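Only one structure is covered here, and it is reproduced in the block below.
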Amino acid sequence: MAEATVLNDHELLVEGTLPIGPEVIRLVRADDADILIDITGVKSGPEPGSFIVTAAETLSGQDHYLLNIAGSDAAWSIAPSAMAILVSVIISSALINNFVFTRYLGLCCFFGVSRKRDTAIGLGLTYVVVGVLSGVMAWVVQTFALGPLSLDFLQIIAFIGIVACFVQGADMIVKKLNRVLHQKFGIFLMLITTNCIILAVPLLNATNEAGFTEAFGLSLGSGLGFALALFLMSCARERVDMAPVPRVFQGLPVAFILCGLFAMSFLGFSGLSFF
Amino acid sequence: MNIVTRTAPPPISTLIMRGLFDENPVFRLALSLCPAVAVTTSVKNGLMLGVAVFVVQVLSSVSAALIKNIIIPKIRIPVFTIIIAIWVSIMDMVLAAFFPAVYGEVGLYVKLIVAFAIIISRMELFSMKHDVVPSFWDGFGMGLGFLVAMLLTGAFRELLGNGSILGFQIVDFKPLLLVILPAGGFFTIGLIMALFNWIDLKRGKEPPGGTGCGGCHG
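Chains V and S, in that order, are what the protein sequence lines are.
Under my numbering, the residues of the first sequence are numbered 910 to 1184, in order.
Under my numbering, the residues of the second sequence are numbered 7 to 224, in order.
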């Protein structure tokens, strides 16, 4: 299959011989292959052996398109590169759809642990590592066992089982191998079982039928987003501890108000888009 | 926790009051917050998730009390988690079958009940030390406390953000759209928590300083 890439909002750069006119070109999205995208023009490209197709609607570098020419075997598949998917999924899940501030997941741990900066960093780091590993394991189980065998109703039990066993196993291994590390991060390992994000990621992956790159990206991005939220919150709470807060708002109430302010500021990321 | 210490169970009324007010899972212990913020944009959603958590909490507490003597203490957390996961799966399927419309909105959060700290912490802190009947009432009180918290938050947000309760229009305008937006959920919970503290002060008790998940896993 020859190369084709999205050049800008309306143009595709395609390698191949120039077709006779725009009417023979069939361009569709891969996920709804029945709806033809209107082609307004076709012209030869900057290099010999390539041409530029102009489409009526806006094309996006993150979508998957199929292009073929009526009356010939020539076909092109225009998919974003794995790297592009990875980066956009990570950015999107860490900032634009931050799991803590826009999807409200992982709050139980979030408020318990964000009181001191040291513990916040500790849990953040532990979570990123455990989240990525368990996310990938859950994806493997979903793709190769639960999906093909139609055992989707076991998803919850399987995923939480993976997380719980993984956390317990990691705890035992780290305890045997490195006592200092265990004393530092052991308590956080146990907390992770009660973090909704670690379960939400495989469930979202399963619902969206994500590929490996997307699954890995979502696990990593959500972990980074959680760590970032935890770090920001701990910094803010350390400052608030010094401030004269009204008696009824001391402790958790003011933490919630702070969190609401952070959530509002994270709304600002919603316009962000890449590629 | 190798030796299971038995203490006399508190009376039923204490257990229920504790869940409703003194140790309310959402406003006091600050556990199970994810759904409390996420699905309480309307009373209906809050009610559905509240009922789901209530049922799962009672069943899980009873299950843990039943099998506490045959669990190897070292792996009790994974065992508890699997017990909860089984009940949540059943609840998930029941809700998806009978209430498809509401389930469409809160489905992900129903599945996430598995990871709620409140359920596992009641199993660990109460059911492991008490018999089946007190465990039932403890689960009952905590589940009820959660349900009431969800209804309270849901009513507050739906009334202020949408001018309606349970879908019935009360006032013709939207008094405060902010509370229904993502950030508004945090503000609402913060305000209700402050209200709980204020009631405590009026009753002449010291409101608790912020506790959190730090205490739920010993």
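Heads up, the beta-carbon is just placed ideally off N, CA and C, and yes, glycines get one too.
Just so we're clear, the structure is a prediction, and the values are computed from it rather than from any experiment.
Name the chain S residues that come within less than 8 Å of residue i, Cβ to Cβ?
i       : result
V/G1169 : A189, G190, G191, F192, F193 and G196
V/G1070 : P84, T87, I88 and A91
V/Q1077 : I81, I83 and P84
V/T1011 : P188
V/L1014 : C40, A44 and L118
Once the 5 residues before and after residue i are set aside, which same chain residues still bring their CB inside 6 Å of it?
i       : result
V/A984  : N977
V/L1004 : F1178
S/F142  : V68
S/C145  : It is Gly, not Cys, that sits at residue 145 of chain S in the sequence shown. Result list for S/G145: Q63, V64 and S67, in chain order.
Rounded to the nearest angstrom, what separates residue i and residue j at their Cα positions?
i       : j       : result
V/D943  : S/V177  : 46 Å
S/I89   : S/Q63   : 11 Å
V/Y1013 : S/L37   : 13 Å
V/D1030 : V/T949  : The sequence as given places Ile at residue 1030 of chain V; Asp does not occur at that position. One C-alpha to the other measures close to 54 Å.
S/A189  : S/M199  : 16 Å
S/A155  : S/F33   : 7 Å
V/R938  : V/P989  : 13 Å
V/R1088 : V/T1035 : 15 Å
V/D902  : V/A965  : The displayed coordinates of chain V run from 910 to 1184. Any statement about residue 902 of chain V would go beyond what the structure contains.
V/L916  : V/I946  : 16 Å
S/R209  : S/M99   : 44 Å
S/M23   : S/L150  : 10 Å
S/E111  : V/L1108 : 18 Å
S/G224  : V/I1082 : Low confidence applies to S/G224: its pLDDT is 30, below 50, so where it sits in the model is not reliable, and the reading given next is rough at best. One C-alpha to the other measures close to 20 Å.
V/Q1159 : V/S969  : 48 Å
V/G930  : V/G954  : 14 Å
Could you work out which residues of chain V lie near residue i, taking near to mean beta carbons separated by less than 7 Å?
i      : result
S/L37  : C1017
S/K117 : I1065 and L1112
S/W204 : V1157
S/L114 : A1109 and L1112
S/S95  : F1062, I1065 and I1066
Check residue i in the structure and name its three-state DSSP category.
i       : result
V/Q1159 : coil
V/K1093 : helix
S/S141  : helix
S/I77   : coil
S/R24   : helix
V/L945  : strand
S/L182  : coil
V/R935  : strand
V/A1119 : coil
V/G1033 : helix
V/G1134 : helix
V/V1009 : coil
S/S38   : coil
V/T914  : strand
S/V94   : helix
S/N203  : helix
V/P928  : coil
S/L55   : helix
V/S1179 : helix
V/L1100 : helix
S/G224  : Residue confidence is low: S/G224 scores 30 on pLDDT, short of 50, so the model does not pin down where it sits. No coordinate-derived value is stated.
S/V100  : helix
S/I176  : coil
S/L4    : Given that chain S is displayed from residue 7 to residue 224, the structure contains no residue 4 of chain S and the question cannot be resolved.
Quick one: which chain S residues come within Cβ less than 7 Å of residue i?
i       : result
V/F1135 : Chain S residues near V/F1135: none, gap ~12 Å exceeds 7 Å.
V/N1104 : A121
V/C1074 : P84
V/A1172 : P188, A189 and F192
V/I1082 : Result: empty, since nearest Cβ-Cβ is about 14 Å, beyond 7 Å.
Within the same chain, show all residues whose beta-carbon is closer than 8 Å to that of residue i, passing over the 5 residues directly before and after it, in chain order.
i       : result
S/F179  : G169
V/L1167 : M1142, A1145, R1146 and V1149
S/A102  : Y109 and G113
S/V120  : T87, I90, A91 and V94
S/T193  : Checking the sequence shown, residue 193 of chain S turns out to be Phe, not Thr. Excluding sequence neighbours, S/F193 sits near L184 and V185.
S/Y115  : C40, P41, A44, V45 and L55
Among the residues of its own chain, which have a CB less than 7 Å from the CB of residue i, if the five just before and after it don't count?
i       : result
V/A1067 : V1050 and L1055
V/K952  : F960 and I961
V/G1132 : Y1036, V1037, G1040 and V1041
V/D972  : R938
S/M46   : At residue 46 of chain S the sequence reads Thr, which differs from the Met that was named. Result list for S/T46: G52, M156, T159, G160, R163 and G191, in chain order.
Using a Cβ cut-off of 8 Å, pull out every chain V residue sitting near residue i, in sequence order please.
i     : result
S/D98 : I1065
Going along chain S in order, which residues have a C-beta closer than 9 Å to the C-beta of residue i?
i       : result
V/A1152 : Correct list: empty, because the minimum Cβ distance to chain S is about 14 Å.
Which chain V residues are close to residue i, counting only those with a beta carbon under 9 Å from its beta carbon?
i      : result
S/L158 : Residues of chain V passing the Cβ test: none, with the nearest at roughly 15 Å.
S/L228 : Since the first residue shown for chain S is 7 and the last is 224, residue 228 of chain S is missing from the structure and cannot be characterised.
When you compare the segment 1148–1163 of chain V with the segment 1127–1140 of chain V, are there three or more beta-carbon pairs, one atom per stretch, that lie closer than 8 Å?
no
The segment 926–946 of chain V touching the segment 969–986 of chain V, judged by at least three CB pairs closer than 8 Å
Cβ pair count under 8 Å is three or more, so yes.
Would the segment 72–86 of chain S and the segment 1069–1081 of chain V be scored as touching if the rule is three or more Cβ pairs under 8 Å?
Judged by Cβ distances under 8 Å, the segment 72–86 of chain S makes contact with the segment 1069–1081 of chain V, as three or more pairs qualify.
Does the segment 987–1005 of chain V come close enough to the segment 1084–1100 of chain V to have 3 or more Cβ pairs within less than 8 Å?
Look at the beta carbons and you see the segment 987–1005 of chain V not touching the segment 1084–1100 of chain V: under three pairs across the two are nearer than 8 Å.
Evaluate the contact criterion for the segment 49–58 of chain S versus the segment 23–33 of chain S: three or more CB pairs, one atom per stretch, below 8 Å.
With a cut-off of 8 Å, the segment 23–33 of chain S and the segment 49–58 of chain S do not count as touching, because too few Cβ pairs lie within range.
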